[in-house]
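Trainee: First the structure, which I've put down as structure tokens, then a few questions once you've had a look.
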Ligand code: NAD
């Protein structure tokens, strides 16, 4: 069945309007079945150039609109996302292998982002400072950056694209969104329709599906003044280097190898429930996935048993045709990578408690024990449904293990003593720490982001979105011109 035949974006990109892209045409493949869902047009470097010029021309008028007009458009976006929820969620399930509850959660979280963005333009945009010069007034105001390029991954394509697109637009920027080709319908083209229908002026948002070459053209374009990138650490490093050379603002939200730390007084029923959710949700394809389970020796065996029992009950299959806990991995390469990491860790002495058998793009919830810090299951960001368990003996050792990773995204600490858990948390190098919960957490009003190899200190959400998507300007005012000594 060709899913895209009746859509306004069939074989089109959104470049000031719906137009054929000059990049290659890419098949849209459903990961669960291998079915061909349609054809996707992609953008060439010339398309990126045209979009960047158009965006730069459209941005000043957009920023100059009364703030309540920008807010109203963001509210329309929220309403249209809600109205088209069934269609968007269906695409998220079929195009990206999401289970329906994940798709629904993602869309609802995005609608919250849209409400937050609608509230941003009415917030104060500056402050007044004293001056040492008599008669002078100093103020400091937020101004847009100009054209912002947003590069998004395929795992939460709607939320991770729009958490940058919405606040950037709300603060008066023009935006070029480049979704991944594996998620470009729900994470790009459907969204472009929604912004168009919401009344966003033409030229202010462009949606250009494409691969690394399209992304690279966006990063290098001189008219694009900021890049907001969410994706792998390897690509983030390259983008950071290019932006550094061009002195371009860059927000990098990158990979993770996040730890669940289970102290010896933890409630193991709750900890293992948190662990199952954090490790297996969306087949483990989440930057905040609980990828390392660091457990005190006294409770490690019981924790492993409880987690393995939960994992063994999880149903794997096609999320479009029946209720399952785990859908497919995004592509064959990713499935092969997960299997390879597990096999190499087993060869190095890890023990398989449950799971571990790949079936094409499907991989079951897998629990490994006896994992040591040298094994690939410990060192790598697996991006699959695998929970490797490593034992520690003291709180100090747990802190050392967490901080031994280059990544620094999310950590969860479990203990019956909140003060003990907080004491451990305060020593962790991670952008987000959750006590007695799991690692996969996102709330639109709270600044989100990583440290170290997980990002460059960029933060999205609540007050952080103002910082990321504006720049500041000092303006001083004198009533009359003055005379300097020469
Ligand atoms: P990826 O880095 O391969 O791709 C991400 C995006 O970058 C895609 O749109 C891709 O087309 C584009 N891209 C690839 N090469 C590029 C280049 N050279 N120049 C410009 N753009 C380029 O990552 P992925 O495999 O799609 O996503 C998974 C990774 O993303 C994981 O490492 C995960 O942890 C990370 N991630 C991080 C967060 C976060 O908020 N920190 C959220 C989700 C995913």
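In the working numbering, the protein residues as written are 19 to 504.
Heads up, the beta-carbon is just placed ideally off N, CA and C, and yes, glycines get one too.
(1) Determine contact between the segment 314-334 and the segment 351-365, defined as no fewer than three beta-carbon pairs at a distance below 8 Å.
(2) If you run the structure through DSSP and keep just helix, strand and coil, what is residue 59?
(3) Helix, strand or coil for residue 111, going by three-state DSSP, please let me know.
(4) Could you compute how far the alpha carbon of residue 145 sits from the alpha carbon of residue 488?
(5) Return helix, strand or coil for residue 222, following the three-state DSSP convention.
(6) Quick check on DSSP: helix, strand or coil for residue 147?
(7) Does residue 13 come out as helix, strand or coil in the three-state DSSP assignment?
(8) Classify residue 265 as buried or exposed, calling it buried when 16 or more other Cβ atoms lie within 10 Å of its own Cβ.
(9) Closest to residue 430 by CA distance: which of 438, 485, 451 is it?
(10) Measuring alpha carbon to alpha carbon, tell me which of 71, 478, 208, 382 ends up nearest residue 222.
(11) Give me the residue from 493, 369, 502, 465 with the minimum Cα distance to residue 484.
(12) Please classify residue 428: is it buried, with 16 or more other beta-carbons within 10 angstroms of its beta-carbon, or exposed?
(13) Starting from residue 491, follow its DSSP beta bridges and name the residues at the other end.
(14) My assumption, with CB atoms under 8 Å, is that residue 61 sits in contact with residue 251. Please give the rounded CB distance.
(15) Is any heavy atom in the ligand NAD found nearer than 7 Å to the beta carbon of residue 272?
(16) Beta-carbon within less than 7 Å of residue 498's beta-carbon, same chain only, minus the 5 sequence neighbours each way: which residues are those?
(17) Between residue 172 and residue 198, which are expected to be in contact by the criterion C-beta below 8 Å, what is the C-beta distance as a whole number of angstroms?
(18) For a quick check, are the C-beta atoms of residue 31 and residue 175 less than 8 Å apart?
(19) Can you tell which of 104, 262, 50 has the C-alpha that lies nearest to the C-alpha of residue 112?
(20) Under the assumption that residue 81 contacts residue 142 (Cβ atoms under 8 Å), give the Cβ distance between them as a whole number of angstroms.
(21) Could you tell me if the beta carbon of residue 174 falls within a distance shorter than 7 Å of some heavy atom in the ligand NAD?
(22) Relative to the C-alpha of residue 477, which residue among 286, 185, 436, 337 is closest?
(23) Answer with buried or exposed for residue 138, where buried requires no fewer than 16 other C-beta atoms within 10 angstroms of its C-beta.
(24) Is it the case that the Cβ atoms of residue 404 and residue 356 are separated by a distance below 8 Å?
(25) Alpha carbon to alpha carbon, how far is residue 459 from residue 504? Give it in angstroms, no decimals.
(26) Is residue 457 helix, strand or coil when you go by DSSP?
(27) If distances are taken between C-alpha atoms only, which option among 376, 362, 397 comes closest to residue 344?
(28) Check whether the Cβ atoms of residue 433 and residue 284 lie closer than 8 Å to each other.
(29) Would the beta-carbon of residue 65 be found less than 7 Å away from any heavy atom of the ligand NAD?
(30) Whose CA, out of 467, 493, 291, 500, lies closest to the CA of residue 155?
(31) Closest by CA to residue 295, which one among 331, 212, 419?
(32) Output the boundary residues of the alpha helix (DSSP H) element that contains residue 230.
(33) Quick check: is any heavy atom of the ligand NAD less than 7 Å from the C-beta of residue 203?
(34) By DSSP's criteria, residue 36 is part of a beta bridge. Which residues make up the other side?
(35) Got a sec: does the ligand NAD put a non-hydrogen atom nearer than 7 Å to the Cβ of residue 144?
(36) What alpha helix (DSSP H) runs, 4 residues minimum, are completely inside the segment 404-482?
Mentor: On the basis of the supplied data:
(1) No, the segment 314-334 does not touch the segment 351-365.
(2) Strand, per DSSP.
(3) Helix at residue 111.
(4) The straight-line gap separating the alpha-carbon atoms of residue 145 and residue 488 is approximately 15 Å.
(5) Residue state, collapsed to three classes: coil.
(6) The answer is strand: DSSP assigns residue 147 an E or B state.
(7) One cannot answer for residue 13 here, as it falls past the ends of the chain, which runs 19 to 504.
(8) The residue is exposed, with fewer than 16 neighbouring Cβ atoms inside 10 Å.
(9) Comparing Cα positions, the closest option is 451.
(10) Among 71, 478, 208, 382, the Cα nearest to that of residue 222 belongs to 71.
(11) Of 493, 369, 502, 465, the smallest CA-CA separation from residue 484 is found for 465.
(12) Classification for residue 428: buried.
(13) Listed as beta-bridge partners of residue 491 by DSSP are 159.
(14) Between residue 251 and residue 61 the Cβ distance is about 25 Å, and since that is not below 8 Å, they are no contact.
(15) Indeed, a heavy atom of the ligand NAD lies less than 7 Å from the Cβ.
(16) Counting only Cβ-Cβ distances below 7 Å, and skipping sequence neighbours, we find nothing.
(17) Indeed, because the Cβ distance is near 4 Å, the residues count as touching under 8 Å.
(18) Their beta carbons are not under 8 Å apart, which means residue 31 does not touch residue 175 by this criterion.
(19) With distances taken between Cα atoms, residue 112 lies closest to 50.
(20) The beta carbons of residue 81 and residue 142 sit about 17 Å from each other, so the pair does not count as a contact at 8 Å.
(21) Checking the Cβ of residue 174 against the ligand NAD gives yes.
(22) Nearest Cα to residue 477 within the set 286, 185, 436, 337: 185.
(23) Result: buried.
(24) Contact: yes.
(25) Each residue's Cα considered, the two are about 60 Å apart.
(26) Correct three-state label for residue 457: coil.
(27) For residue 344, the closest alpha carbon among the candidates 376, 362, 397 is that of 376.
(28) Residue 284 sits close to residue 433, with the two beta carbons spaced by under 8 Å.
(29) Residue 65 has its Cβ no nearer than 7 Å to any heavy atom of the ligand NAD.
(30) Taking each of 467, 493, 291, 500 in turn and checking the Cα distance to residue 155, the smallest one comes out for 493.
(31) Taking only the C-alpha atoms, the option nearest residue 295 is 331.
(32) Membership of residue 230 in the alpha helix (DSSP H) is indicated by the continuous run 230-238.
(33) Not so, every heavy atom of the ligand NAD lies at least 7 Å from the Cβ.
(34) Bridge partners of residue 36: 32.
(35) No.
(36) Those alpha helix (DSSP H) runs which fall completely within the segment 404-482 and span 4+ residues are 413-421, 436-443.
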